[in-house]
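Count along the sequence shown from 1, then add 80; that gives the number in the working numbering. Glycine included, each C-beta is placed from N, C-alpha and C at the ideal position. Since the model is a prediction, treat every value here as computed from it, not as a measurement.
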Amino acid sequence: MIGIFDEDIRKLFDCIAKNDAKVYPYDSGKALPTNEQSELILMKDTAFELGGSDMPCTAATVLTDDMPVKNQTILIGKELKDVKKDCNYAKIVIISVNAESDDEQAIFDLAKSLEYAKYKENVSGYMMRTSVIKQRDQVRVAKSAIKRGLSFEALGATTIKSYLAKDAVKAVTVVFVADAQIDFAPLQEFSSHTSQILSAFNHILDNVLVDCAHCNLKEICDSVEGMRELHMKQAR
Numbered sequence: 081m082i083g084i085f086d087e088d089i090r091k092l093f094d095c096i097a098k099n100d101a102k103v104y105p106y107d108s109g110k111a112l113p114t115n116e117q118s119e120l121i122l123m124k125d126t127a128f129e130l131g132g133s134d135m136p137c138t139a140a141t142v143l144t145d146d147m148p149v150k151n152q153t154i155l156i157g158k159e160l161k162d163v164k165k166d167c168n169y170a171k172i173v174i175i176s177v178n179a180e181s182d183d184e185q186a187i188f189d190l191a192k193s194l195e196y197a198k199y200k201e202n203v204s205g206y207m208m209r210t211s212v213i214k215q216r217d218q219v220r221v222a223k224s225a226i227k228r229g230l231s232f233e234a235l236g237a238t239t240i241k242s243y244l245a246k247d248a249v250k251a252v253t254v255v256f257v258a259d260a261q262i263d264f265a266p267l268q269e270f271s272s273h274t275s276q277i278l279s280a281f282n283h284i285l286d287n288v289l290v291d292c293a294h295c296n297l298k299e300i301c302d303s304v305e306g307m308r309e310l311h312m313k314q315a316r
């Protein structure tokens, strides 16, 4: 069942391949210290906001147990030192996990726990402003952080190190897009569709018996391999 995101992941990698991208192999030594609580950054101390000024912005965290995933950070667009104003922004995390359980509820719980783990990745000078409903992780970046040399390479390494500390995780790819000349529609569609898949998964696990023909999640169940079979299994 962890393969429910695989087709979306393939499309994402196809999208990445069409754009100039810089790849940072994972280096644990470049990971940054993190805090439990997010730092408050005032506007007067802000260099810019990633996703600010109503610029396109999206975020997602997805799992797979079958597709090849490398420990790496992929950047499309500009490094933080080259960003001069509010700009478009995306952060997508693809996590390869051990498929040791056939328990769908355990898989769902794992997916949610890994998604929420990002709220504990608070780096100095980097304040996330998250909207789960809109799949946005808008970020306020401090002037002091830019002066210190904060980079997407280091932020990606921090995310990867955090997830690799969890027993179920095998590998992590972090994709950043910032101030890029790119069509954001495929990225936003990725975030929206994978969120809908997780909602449908949760709906099925809640064992809500409904008329499939009139369910607003029917399109997801019909289009994602394994979802309809899971629904029928849970309904027995």
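Check: What's the C-alpha gap between D125 and A222?; Outcome: 6 Å
Check: Which runs of the alpha helix (DSSP H) spanning at least 4 residues fall entirely within the stretch 148-225, listed in chain order?; Outcome: 184-196
Check: To the nearest angstrom, report how far apart F281 and A101 are at their CA atoms.; Outcome: 32 Å
Check: Where does Q261 land, buried or exposed, given buried means 16+ other C-beta within 10 angstroms?; Outcome: exposed
Check: Work out the CA separation of C95 and I174 for me, nearest whole Å.; Outcome: 14 Å
Check: Would you mind reading off the limits of the beta strand (DSSP E) that contains Y106?; Outcome: Per DSSP, Y106 belongs to no beta strand (DSSP E) and is neither H nor E.
Check: Count the other CB atoms within 10 Å of the CB of R220; is the residue buried (16 or more) or exposed (fewer)?; Outcome: buried
Check: According to DSSP, is A248 helix, strand or coil?; Outcome: coil
Check: Tell me the DSSP secondary structure of N115 in three-state form.; Outcome: strand
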